[in-house]
Every structure is written in structure tokens, then in C-alpha cells.
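One structure is given below, encoded as C-alpha cells.
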Amino acid sequence: MQLNIDKREGVHNLNIRVPDADEIVTLNWLSKLNGQQHTLISLERDDGWQVMVGGGPIYYIVTLGNADENLTLENSSGDEAKMVELCAGGQYGEYPESFCVDREQAANAVSLFFRGQEQQVGWQK
Numbered sequence: 074m075q076l077n078i079d080k081r082e083g084v085h086n087l088n089i090r091v092p093d094a095d096e097i098v099t100l101n102w103l104s105k106l107n108g109q110q111h112t113l114i115s116l117e118r119d120d121g122w123q124v125m126v127g128g129g130p131i132y133y134i135v136t137l138g139n140a141d142e143n144l145t146l147e148n149s150s151g152d153e154a155k156m157v158e159l160c161a162g163g164q165y166g167e168y169p170e171s172f173c174v175d176r177e178q179a180a181n182a183v184s185l186f187f188r189g190q191e192q193q194v195g196w197q198k
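Residue numbers (my numbering): 74 to 198.
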């Protein structure tokens, strides 16, 4: 799978591409998301589906999409009324806590994506 990672230096960005990333390489890059230098990874399968993980190092936003759908991983224990500030793709934004997951949840979604089993976790349109 094609993996893309952002590398921020001030207001500038350099995309790092890993053309044949496996699960271990991808999870290693996921662990480097810190909301500053690395704020986003994206992974694309041959079937056109893409998973993106933004944020770090405590909370993450995980999206799943293709040409027809765009879904966000849910945090079932998160409060929809509580907002969390994250930097994803170099842009700061506030997200409902119900969409902010921890590293373990983000890593699980990525691992399931590699196996084509991403529907085993809760996504919202």
C-alpha cells in the first residue's frame, strides 16, 4: 500500500512517500505523529479506499473514505459536546471528543484496514 507522511518544518511541508508500506512500517510512522513535525499519515489500498490518521501524540482523528464515502472513526466513550484541539495535516482544528481516539484505537483501525476488516470498528458518516 502507498503510505504518505507529512513532515512539517515551520510553515513548509515535505511529503514522505513509502510506496509499498506494510503494517509494521505504517504503525511505526503512526507512533511518530506528534501534532507538530508529523501530523498526518494517509494509506491507500488498490481498491481506492484510503485511511488517514491525523493529530497526535494523545488524540487522533481517523477517517476512512473513497470516491463515494467519507467516514470518521467514533470514540464511544467520548463526549460529543467537549471539543479537543488537534493539528492534522498542519491545520489546527477543534473536534468533538466523540471523534478523538487514542493511539491504540487508531493503530487498531489501521491494522484492520490492512486486512480489509475496517468495518469491525464504529464509523460515522
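Positions of the beta carbon are idealized from the N, C-alpha and C atoms, including for glycine. Every value quoted in this text rests on a predicted model; they were computed, and no experiment measured them.
query                                                                                                                : result
Neighbourhood of V26 by C-beta distance below 8 Å, restricted to the same chain and skipping five residues each side : The first residue shown for the chain is 74 and the last is 198, placing residue 26 beyond what the model contains.
Backbone CA spacing between S184 and S115 [nearest angstrom]                                                         : 13 Å
Three-state secondary structure (DSSP) of S150                                                                       : coil
T25 (DSSP reduced to helix, strand or coil)                                                                          : An answer regarding residue 25 cannot be provided, because it is not within the stretch 74 to 198 covered by the chain.
Buried or exposed by the 16-neighbour rule on C-beta atoms within 10 Å, applied to Q190                              : exposed
Cβ neighbours of G121 in the same chain (closer than 7 Å, five flanking residues each side left out)                 : N139, A140
Bounding residues of the alpha helix (DSSP H) (the contiguous stretch that carries R188)                             : 176-188
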